[in-house]
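Chemist: Everything in the sequence shown is counted per full-length UniProt numbering, starting at 1 for the first residue and increasing by one.
For glycine and all other residues, C-beta sits at the position ideal for the given N, C-alpha and C.
Could you have a look at this structure, given as structure tokens, before my questions?
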Amino acid sequence: MRKYKILIVENDEDELFFMKESFNASGLFDIIGDVKNGNTLFEWLSDKSAQVMPDIILSDLNMPGKNGYDILSEIREKEDYARIPVVITSTSSIKSVMEKCIRMGASDYLVKPESFIDYSSYAEDLYNRCNLKILG
């Protein structure tokens, strides 16, 4: 079974904690880093001499600083990172928001679970999506 290297962009510390707990427990992902927003994402990526590039970036949509929309706009313009799949995640299940993210270049869009403790099935869903359509 392939383990995906994932970089998480999430500003909510509680959400990030439960997300990382579930991803680690699933054994399906290797979390190679986490950052608070798009500003710190691009700093992390530019310091690639000390980092391993992710197979996938999982980014929250709504954050202070550069948000998910900003990340989608900028990452496709940067040749070194343009091929890294970006999955946007949010509590919003509004179809127009999801469609906008896909139009902007998101590889997928996942709605966050209603409760922080429900991330185990979320991790499995993300892994299956990676295998089927994002990285498969």
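Helix, strand or coil, according to DSSP, for D60 in the structure here?
Modeler: In the sequence shown, residue 60 corresponds to position 60, counting from 1. D60 falls in the strand class under three-state DSSP.
Chemist: Taking only three categories from DSSP, how would you classify S107?
Modeler: On the sequence shown, residue 107 is found 107 positions in, with the first residue counted as 1. Note: S107 maps to coil in three-state DSSP.
Chemist: Using CA atoms only, rank isn't needed, just tell me which of S46, I56, I31 and M63 is closest to C130.
Modeler: Stepping through the sequence shown from its first residue, residue 130 is reached at position 130. Checked all of S46, I56, I31 and M63; the closest Cα to C130 is I56.
Chemist: Unbroken alpha helix (DSSP H) runs of length 4 or more, entirely within the UniProt domain "Response regulatory" (5–127): which are they?
Modeler: 13–26, 38–46, 68–75 and 95–103
Chemist: Kindly confirm or deny that the region 27–44 and the region 70–82 touch, where touching means at least three C-beta pairs closer than 8 Å.
Modeler: yes
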